[in-house]
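Report on the structure given below.
2 protein chains.
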Amino acid sequence: MVDVFPWQLSIGELLSPAVVSSWGIGGALLAEASKAELEPLVLASVLLSLITVYLAAKIGGELCARINLPPVLGELVGGVIVGVSALHLIVFPEGAGETGSVLLKLVETTAGLDPASLLTVFRGESEVVSVLAELGVIILLFEIGLESDLKELIRVGPQAAAVAVVGVVVPFALGTAGLIALFHIATIPAVFAGAALTATSIGITAKVLAEIQRLSSKEGQIIIGAAVLDDVLGIIVLAVVASLAKTGEIEILNVVYLIAGATVFLVGSIFLGRLLSPYFVVLVDQLKTRGQVIISSLIFAFALSYIAAAIQLEAILGAFAAGLILAETSKRKELEEQISPIADMLVPVFFVTVGARTDISVLNPLEPANREGLIIASFLVIVAIVGKVVTGFAVFGQPGINRLAIGFGMVPRGEVGLVFAGVGSASGVLSESLEAAIIVMVILTTFLAPPLLRVVFKSDDDASDGAKKEAAIAASPSSETAS
Amino acid sequence: MVDVFPWQLSIGELLSPAVVSSWGIGGALLAEASKAELEPLVLASVLLSLITVYLAAKIGGELCARINLPPVLGELVGGVIVGVSALHLIVFPEGAGETGSVLLKLVETTAGLDPASLLTVFRGESEVVSVLAELGVIILLFEIGLESDLKELIRVGPQAAAVAVVGVVVPFALGTAGLIALFHIATIPAVFAGAALTATSIGITAKVLAEIQRLSSKEGQIIIGAAVLDDVLGIIVLAVVASLAKTGEIEILNVVYLIAGATVFLVGSIFLGRLLSPYFVVLVDQLKTRGQVIISSLIFAFALSYIAAAIQLEAILGAFAAGLILAETSKRKELEEQISPIADMLVPVFFVTVGARTDISVLNPLEPANREGLIIASFLVIVAIVGKVVTGFAVFGQPGINRLAIGFGMVPRGEVGLVFAGVGSASGVLSESLEAAIIVMVILTTFLAPPLLRVVFKSDDDASDGAKKEAAIAASPSSETAS
Chain A
1 MVDVFPWQLS IGELLSPAVV SSWGIGGALL AEASKAELEP LVLASVLLSL
51 ITVYLAAKIG GELCARINLP PVLGELVGGV IVGVSALHLI VFPEGAGETG
101 SVLLKLVETT AGLDPASLLT VFRGESEVVS VLAELGVIIL LFEIGLESDL
151 KELIRVGPQA AAVAVVGVVV PFALGTAGLI ALFHIATIPA VFAGAALTAT
201 SIGITAKVLA EIQRLSSKEG QIIIGAAVLD DVLGIIVLAV VASLAKTGEI
251 EILNVVYLIA GATVFLVGSI FLGRLLSPYF VVLVDQLKTR GQVIISSLIF
301 AFALSYIAAA IQLEAILGAF AAGLILAETS KRKELEEQIS PIADMLVPVF
351 FVTVGARTDI SVLNPLEPAN REGLIIASFL VIVAIVGKVV TGFAVFGQPG
401 INRLAIGFGM VPRGEVGLVF AGVGSASGVL SESLEAAIIV MVILTTFLAP
451 PLLRVVFKSD DDASDGAKKE AAIAASPSSE TAS
Chain B
484 MVDVFPWQLS IGELLSPAVV SSWGIGGALL AEASKAELEP LVLASVLLSL
534 ITVYLAAKIG GELCARINLP PVLGELVGGV IVGVSALHLI VFPEGAGETG
584 SVLLKLVETT AGLDPASLLT VFRGESEVVS VLAELGVIIL LFEIGLESDL
634 KELIRVGPQA AAVAVVGVVV PFALGTAGLI ALFHIATIPA VFAGAALTAT
684 SIGITAKVLA EIQRLSSKEG QIIIGAAVLD DVLGIIVLAV VASLAKTGEI
734 EILNVVYLIA GATVFLVGSI FLGRLLSPYF VVLVDQLKTR GQVIISSLIF
784 AFALSYIAAA IQLEAILGAF AAGLILAETS KRKELEEQIS PIADMLVPVF
834 FVTVGARTDI SVLNPLEPAN REGLIIASFL VIVAIVGKVV TGFAVFGQPG
884 INRLAIGFGM VPRGEVGLVF AGVGSASGVL SESLEAAIIV MVILTTFLAP
934 PLLRVVFKSD DDASDGAKKE AAIAASPSSE TAS
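Protein chains in written order, with our numbering: chain A, 1 to 483; chain B, 484 to 966.
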């Protein structure tokens, strides 16, 4: 009687809106199609999206694990396959162009649920999946913070700062100058594209480091520290460039505010956190109801994430700081065990949606419109890699350190670069080819970094020691499959 | 410089939209305020909502645990306090009346972010919190299924069926007849209100049973079995009544379809599931990447939830069936451990939002407009309790069973009753006073059942044995706080 349902609209091909009117309780509910009545459709489409995300993540991850590539790369590729580039199973309004989505085209050709209701369901589902992905990266950074060693991080602080600053200045200068000199691009768009080359995607790098169990190595801690600082510097650069693009001048006050805010937040939260964490443990020990450790920790992590977002930093910085602080308490081990399944559930949503949002059609050289962008992109990719690889040589006073590993660890740009492309596109500064070039640069650095990182770490693999303790967070099989 | 942020709009009192224009990167982003640019505000407001939900759940739960009431009651009351009845911190578009929300009133009086953008953020946040709550109840029923004993459930099947049928027929007949005879209400609205008395809220009962460690007792399994059947019967009753309200006649085909669908789904999924579950274990054992057990299980649980929703049943029935099936595999213990923190994270969102959506102002007897509703409500509450308490005496062939406990276990109506009120209100069948009476009935049965259930189970507490094995799912403190 009813074999296809309207919520399948949001996953593209499966749709047949002709049966829409048979949905609901005796068809009575959808006639009005108010927000509350569409709620079950949103839930159903979220369930279907999560199933798709998990299948893509697991199949991609397992295949990569078998050919000795990082599983996270498989999750990204799995996301590309189910996303806007191929199957259109996981699409977002901005990717589908909203009016151009498979969903709405089908509605136009068939007479089902009214377009406004369908759009409501699609938007609702996208909103939920987006936020689940963002919660995923928050949980990931919280877990990374929990696995990190604050004392080690402070010890490598000067090296991390050197890596971060070189990794912002070199790609920015090389990129901007190159675009002006070689491609005769005007100053403001060149500065914008140069800025897009700066910020490292901490999520991808940290996940790969965890997978190869190098998160707590000296190289790992320098990379994490530098990536965190890089994130802060990237936000400042974005603020500068966005105001430059908008008004033609730099709002000094805003830049000063951001720098001061970031410093106060990171130093202040860690200082205050260490001071107050014993009280946290006492409080948790007095709770009698289920979930006392995990809920108390999530309140703390979400509160710091919120504060970080509120002072115009990124939420993930707050989550990372919360993890660092709680790692120093006696609850660390219990918390690591409990956060692990939550991370398993939410983190793949982040990586798969990063892949799903990526439109790899801009990489097709057979499309003449792509060619100008691809030539610029080749230049940007080279600058992006070279500009970060050199950062390894900025590390001082650490003889015998794997400089190449640090450099490659800083390569992936991920979502941060896409934010630059999006803001640039919205403010009309970037030409289409330059925007496409930035996207290509982000794709290639993101997808190249995990295998490269693995190769350079493997090169000194036999010399390694003491890097086994983060097995809990790593991609290794569970104890019973391993045995 | 910036101390209050636009996303706080969604949590009412904290707002100052005058600073809205200072949000975003150098103020550049919000000028356009497109969907993608509002994304960080949605995330931030979700974070703030989750913090509020967790604080309400923990404070309420801990206070209840200390005065020996079920923690879940504390979560519901905590929800009422942060919800539409009091603090307005967690509100939903339908509760706030959309145009009448604190949020939009403030926008009218101050000139901040444009109303459309604010509404977008508010709706996005509500959508995400609603779906998280629904995922919470899905995870809860999955966990309940995992803790249940399929063989025991099949053994008590006939008793559970008797309880379910009596618990639908008696309240429906008494309620409808009483409303017509005593209050001279027309037949169709009386039938509708009578129908709203039928469906038990499995979530609340199951949570209380788990908290008092009686889930796997014979009484507990009869209640769970009956509540599951009740859910199915309730959906069928709703379909019948909704079509009656709409067209004045019953769509026989639709009713037959629902009954057949429910039977095929429950019997079929459990039969096929038991047949295929060994292959599931073999597959999971071959996976090499992190989270293999939990992700594979979530795919299975979400798929069954989706199918249940797709054939117009409730998603939670699918989750329960998935739990039952996986409970019979060798992965049960590992899965129970891993689902527990996920449940800790998501289940409170469900209970707090149930409380937050409940408008207790209809209970105020000082408001003359409420009085007619309150008189009808008193009648409905009595019928609701009596009509379910008698179900305990429908149990046959079980000498010495706690019949009162079974009866009280069936009392809470929770969200299912609210769906009836919502559908009735939308289709214009229910008068305002009758709708208010249904809401009052739902509130009182939901809030009365947990303490009543605890009392009647306590009465034979010393005679109890072998009910300790569900300690993992119960509200007891963790091992280290207990010691």
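Each residue gets a CB set at the ideal place from its N, CA and C atoms; glycine is no exception.
None of these values were measured; they are calculated from a predicted model.
Around the CB of residue 286 (chain A), fewer than 16 other CB atoms lie within 10 Å, so the residue is classed as exposed.
Within the stretch 128-147 of chain A, the residues whose Cβ lies closer than 9 Å to any Cβ of chain B are, in chain order, 128, 130, 131, 132, 134, 135 and 138. For the stretch 54-74 of chain A, the set of residues with a beta-carbon nearer than 9 Å to any beta-carbon of chain B comprises 54, 55, 57, 58, 61, 62, 64, 65, 66, 71 and 74, in chain order. When the Cα atoms are used, residue 650 (chain B) and residue 871 (chain B) turn out to be separated by approximately 5 Å. For residue 75 (chain A), the enclosing alpha helix (DSSP H) starts and ends at 71-82. Proximity of chain B to residue 344 (chain A) at the Cβ level (cut-off 7 Å) is accounted for by 773, 774, 777 and 778, in chain order. Not flagged as an interface residue toward chain A: residue 680 (chain B), since no C-beta distance is shorter than 8 Å. Collapsing the DSSP output to three states places residue 240 (chain A) in a helix. Between the alpha carbons of residue 169 (chain A) and residue 355 (chain A) lies a gap of roughly 28 Å. Ranked by Cα distance from residue 269 (chain A), the first of A:307, A:342 and A:292 is A:307.
Residue contact check for residue 407 (chain A) against chain B: no CB pair falls below 8 Å. Residue 70 (chain A) is not a Cβ neighbour of residue 357 (chain A), given a cutoff of 8 Å. Classified as buried, residue 444 (chain A) has 16 or more neighbouring CB atoms from the shown chains inside 10 Å of its CB. Around the beta carbon of residue 941 (chain B), fewer than 16 other beta carbons sit within 10 angstroms, so the residue counts as exposed. The beta carbons of residue 288 (chain A) and residue 545 (chain B) sit about 6 Å from each other, so the pair counts as a contact at 8 Å. Distance check between residue 274 (chain A) and each of A:256, A:316 and A:321 places A:321 closest, using alpha-carbon atoms only. Residues of chain A whose Cβ lies closer than 8 Å to the Cβ of residue 789 (chain B) are, in chain order, 44, 47, 48 and 51. A Cβ-Cβ distance of about 6 Å is found for the pair residue 846 (chain B) and residue 923 (chain B), placing them in contact under the 8 Å criterion. Nearest CB-CB separation between residue 302 (chain A) and chain B: below the 8 Å threshold. Residues of chain A with a Cβ closer than 9 Å to the Cβ of residue 702 (chain B) do not exist; the shortest Cβ-Cβ separation is about 22 Å.
Secondary structure of residue 413 (chain A) (DSSP, three-state): coil. Three or more pairs of CB atoms, one per stretch, sit closer than 8 Å, so the stretch 294-302 of chain A contacts the stretch 525-545 of chain B. Within 8 Å of the CB of residue 424 (chain A), no CB atom of chain B is found; the nearest one sits about 11 Å away. Listed in chain order, the non-local C-beta contacts of residue 124 (chain A) below 6 Å within the same chain comprise 42, local neighbours out to five positions each way being set aside. Non-local beta-carbon contacts of residue 829 (chain B) in its own chain, meaning distances under 7 Å to residues more than five positions away in sequence, involve 615, 618, 619 and 622 in chain order. Collapsing the DSSP output to three states places residue 213 (chain A) in coil. Rounded to whole angstroms, the Cβ separation of residue 548 (chain B) and residue 561 (chain B) is 12 Å, and the two are not in contact under 8 Å. Judged by DSSP secondary structure, residue 370 (chain A) falls within the alpha helix (DSSP H) whose first and last residues are 368-389.
Rounded to the nearest whole angstrom, the CA to CA distance from residue 146 (chain A) to residue 237 (chain A) is 28 Å. For residue 338 (chain A), the neighbours in chain B by C-beta distance under 7 Å run, in chain order, 824. Scanning its chain for C-beta atoms nearer than 6 Å, with the 5 sequence neighbours on each side dropped, one finds around residue 935 (chain B) the residues 891, in chain order. Contact check for residue 644 (chain B) against residue 685 (chain B) fails: the beta carbons are separated by 8 Å or more. Taking the CA atoms as reference points, residue 208 (chain A) sits about 9 Å from residue 214 (chain A). For residue 782 (chain B), the closest Cβ of chain A is nearer than 8 Å. In the DSSP annotation of this structure, the continuous segment of the alpha helix (DSSP H) that includes residue 654 (chain B) starts and ends at 640-666.
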